[in-house]
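Trainee: I have a structure here, written as structure tokens, and I will follow up with some questions on it.
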DNA sequence: TGGTTCTGCCTAAATGGATTAGGCAAATGC
DNA sequence: GCATTTGCCTAATCCATTTAGGCAGAACCA
């Protein structure tokens with residue numbers, strides 16, 4: 001009755017991100033969002049194209065946030081310090097914002113992906129590796145390894161993979177970062 | 192009209208697995224499955240409890256298959272050979288059966304998970320590591336690292352992360368396995 | 001073989017999300 | 001002040017999930 005609710009695509013994406021952290025990215029639905037804004041579902045279509053569009057916006061928002069955090073953490077650090085800081089930011093974000101983190105893996109179409117903060121992430125990972133002096137194509141292999149390992153770890157951790165078993169996930173994470181640092185410093189030559 | 196379609200939970204899970212590989216695990220739906228069997232949706236409820244139950248069955252089926260393949264590949268191998276064979280089986284399965292692979296990550300409740308082939312996977316991973324002589328707790332850290340890395344890699348690969356960019360994903364994969372072997376042979380002491 | 005029970009699939013109906021078409025009233029621009 | 005645009009609405013359709021209850025053929029039992 002009171003008139004306009006002040007919806008915008010940005011506010012919807014923001015609210016969607018919060019919703020995702022509360023109930024999981026899979027639970028993010030136009031209906032649920034409409035409920036929260038006390039608005040009819042159809043009204044949302046004036047601001048987002050469809051459900052996929054909303055999820056894409058949440059993904060982009062999360063990718064930006066994470067890239068910002070990583071960029072801050074990496075400023076002024078290099079080598080092992082940079083690696084540890086990057087790892088810490090990544091895992092903390094995924095734990096603190098599981099819904100947003102899940103959103104970062106929502107499949108984007110190619111154009112959107114290229115215009116997204118995903119590109120910044122790639123650059124940041126390369127920045128981490130700079131201190132280890134790997135030449136191409138080895139650097140790219142290492143980028144992929146780092147990305148896979150971090151992503152895989154937090155994904156398994158968030159889905160409960162390491163809960164209820166010793167040792168502590170935190171301890172494994174630290175040792176894995178140690179091991180990665182060691183590996184990058186002694187990266188084996190191509191056979 | 193023709194009478195019974197011969198539905199069983201097993202046949203539904205099998206057909207669901209094929210469906211997943213064709214259209215993605217996310218597209219697996221009781222409705223679609225009913226369509227394929229030319230049967231009404233409600234009929235499926237005589238064989239599976241609900242949609243989640245079906246997906247769980249597909250997940251268990253895929254975990255079994257993958258564990259069988261891995262066990263075969265590991266027989267008689269050790270050290271670097273075992274690592275490479277394990278990696279190969281894992282990635283090949285994920286590429287050949289993306290839907291089934293996605294299913295392996297369907298969240299199982301604790302009891303189901305404990306009774307699943309997930310336990311075999313853990314044992315197989317430890318078998319791979321046996322050749323590297325890591326004592327606990329370092330072996331567990333390494334198990335988690337391997338699991339995360341393999342899972343993360345094929346997940347990113349399947350979602351198109353490494354397509355359209357040099358070098359080839361195959362090449363990265365091989366180099367990453369090289370690097371892992373090197374790392375496991377020179378695993379750094381806890382600091 | 002004939003009846004009974006059980007099994008396997010059916011129809012029907014409710015719930016809830018996604019999406020589109022079209023309307024109306026408040027806000028804005030001249 | 002009037003026209004236009006904007007923002008949200010109602011209404012309707014489609015599709016997936018799930019439950020309740022029915023009926024006919026298969027299997028079993030004397």
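Chains as they are written, first to last, in the working numbering: chain E, 1 to 191; chain U, 192 to 382.
From the three backbone atoms N, C-alpha and C, an ideal C-beta is built for every residue, glycine too.
1. Going along chain E in order, which residues have a C-beta closer than 7 Å to the C-beta of residue 353 of chain U?
2. So for residue 50 of chain E, helix, strand or coil by DSSP?
3. For residue 164 of chain E versus residue 379 of chain U, is the C-beta distance shorter than 7 Å?
4. Quick check on this structure: which residue in U/280, U/327, U/276 and U/251 has the alpha carbon closest to the alpha carbon of residue 166 of chain E?
5. For chain E, check one thing: does any of its Cβ atoms lie closer than 7 Å to the Cβ of residue 229 of chain U?
6. Cβ closer than 9 Å: which chain E residues qualify as neighbours of residue 277 of chain U?
7. Nearest to residue 146 of chain E by alpha carbon, out of E/184, E/115, E/133 and E/131?
8. Run through DSSP, which three-state label would residue 129 of chain E get?
9. Which residues in the same chain have their Cβ closer than 8 Å to the Cβ of residue 56 of chain E, if we skip the five residues on either side of it in sequence?
10. Taking a contact to mean a Cβ-Cβ separation below 7 Å, would you say residue 215 of chain U touches residue 290 of chain U in this structure?
11. Use the C-beta contact count for residue 172 of chain E: other C-beta atoms within 10 angstroms, 16 or more gives buried, fewer gives exposed.
12. With DSSP collapsed to three states, give me the class of residue 364 of chain U.
13. Compare the beta carbon distance of residue 350 of chain U and residue 153 of chain E with 7 Å and say whether it is the shorter of the two.
14. Can you find the residues in the same chain that come closer than 7 Å, C-beta to C-beta, to residue 285 of chain U, ignoring five residues on each side of it along the sequence?
15. Could you confirm whether any beta carbon from chain E is found closer than 7 Å to the beta carbon of residue 242 of chain U?
16. Let me make sure I understand the geometry here. Which of U/316, U/283, U/231 and U/311 has the alpha-carbon closest to that of residue 251 of chain U?
17. How is residue 134 of chain E classed by DSSP in three states: helix, strand or coil?
18. From residue 73 of chain E to residue 86 of chain E, what distance separates their C-alpha atoms?
19. Any heavy atom of the ligand GDP closer than 6 Å to the Cβ of residue 152 of chain E?
20. Please confirm if residue 328 of chain U has its CB atom under 7 Å from at least one CB of chain E.
21. Can you name the residues of chain U whose CB is closer than 8 Å to the CB of residue 149 of chain E?
22. Taking Cβ positions only, does residue 156 of chain E come closer than 7 Å to chain U?
23. Take residue 12 of chain E as the anchor and find which of E/42, E/22, E/37 and E/129 has the nearest alpha-carbon.
24. Using a beta-carbon distance below 7 Å, is residue 298 of chain U in contact with chain E?
25. For a contact meaning CB atoms closer than 8 Å, what does residue 295 of chain U contact in chain E?
26. Do you know offhand how far residue 175 of chain U's Cα is from residue 144 of chain E's?
27. Is any beta-carbon of chain E found at less than 7 Å from that of residue 307 of chain U?
28. Grab me the residues of residue 313 of chain U's own chain with a C-beta within less than 8 Å of its C-beta, minus the 5 sequence neighbours each way, in chain order.
29. What does residue 379 of chain U touch in chain E if you count any residue whose Cβ is under 7 Å from its own?
30. Between the Cα of residue 353 of chain U and the Cα atoms of E/110, E/132 and E/130, which residue gives the shortest distance?
31. If I follow the unbroken alpha helix (DSSP H) through residue 236 of chain U, where does it start and stop?
32. Could you check whether the Cβ of residue 311 of chain U sits closer than 7 Å to any Cβ belonging to chain E?
33. What three-state label does DSSP hand residue 55 of chain E in the structure shown?
Mentor: Looking at the atomic coordinates:
1. The contacting residues are 144.
2. When DSSP states are grouped into helix, strand and coil, residue 50 of chain E belongs to the coil group.
3. No, Cβ-Cβ distance for residue 164 of chain E and residue 379 of chain U is not below 7 Å.
4. Nearest C-alpha to residue 166 of chain E: U/327.
5. Closer than 7 Å: no.
6. Chain order gives no chain E residues near residue 277 of chain U, where near means a beta carbon separation below 9 Å; the closest approach is about 15 Å.
7. For residue 146 of chain E, the closest C-alpha among the options E/184, E/115, E/133 and E/131 is that of E/184.
8. Here residue 129 of chain E sits in helix by DSSP.
9. For residue 56 of chain E, where only same-chain residues beyond five positions count, the Cβ hits under 8 Å are 106, 108 and 112.
10. Between residue 215 of chain U and residue 290 of chain U, the CB-CB gap stays under 7 Å.
11. In this structure residue 172 of chain E is buried. Its beta-carbon is surrounded by 16 or more other beta-carbon atoms within 10 angstroms.
12. Shown here, residue 364 of chain U sits in a helix according to DSSP, grouped into three states.
13. No, Cβ-Cβ distance for residue 350 of chain U and residue 153 of chain E is not below 7 Å.
14. Hits under 7 Å: 292, 345 and 349.
15. No, residue 242 of chain U lies away from the interface with chain E (no Cβ there is under 7 Å from its Cβ).
16. In terms of CA proximity to residue 251 of chain U, U/311 leads the group U/316, U/283, U/231 and U/311.
17. It is coil, neither helix nor strand.
18. If you draw a straight line from the Cα of residue 73 of chain E to the Cα of residue 86 of chain E, it is about 7 Å long.
19. The ligand GDP is not part of the structure shown, which contains no ligands of any sort.
20. Output row for residue 328 of chain U: interface = yes.
21. Under the 8 Å cutoff, chain U gives 336, 339, 340 and 343.
22. Among the residues facing chain U, residue 156 of chain E is included, as its CB has a counterpart in that chain under 7 Å away.
23. Of the candidates E/42, E/22, E/37 and E/129, the one whose C-alpha sits nearest the C-alpha of residue 12 of chain E is E/37.
24. Chain E places a beta carbon closer than 7 Å to that of residue 298 of chain U, counting this residue as a contact.
25. Simply none; closest approach about 11 Å.
26. The question about residue 175 of chain U has no answer here: the residues shown for chain U are numbered 192 through 382.
27. Residue 307 of chain U does not count as touching chain E.
28. Excluding residues within five positions, the ones whose Cβ falls inside 8 Å are 334.
29. The contacting residues are 178, 179 and 182.
30. Measuring from the Cα of residue 353 of chain U, the nearest candidate turns out to be E/110.
31. Residue 236 of chain U -> no alpha helix (DSSP H), and no H or E assigned at all.
32. With 7 Å as the cut-off, residue 311 of chain U does not count as an interface residue toward chain E.
33. The three-state reading of DSSP puts residue 55 of chain E in helix, counting H, G and I together.
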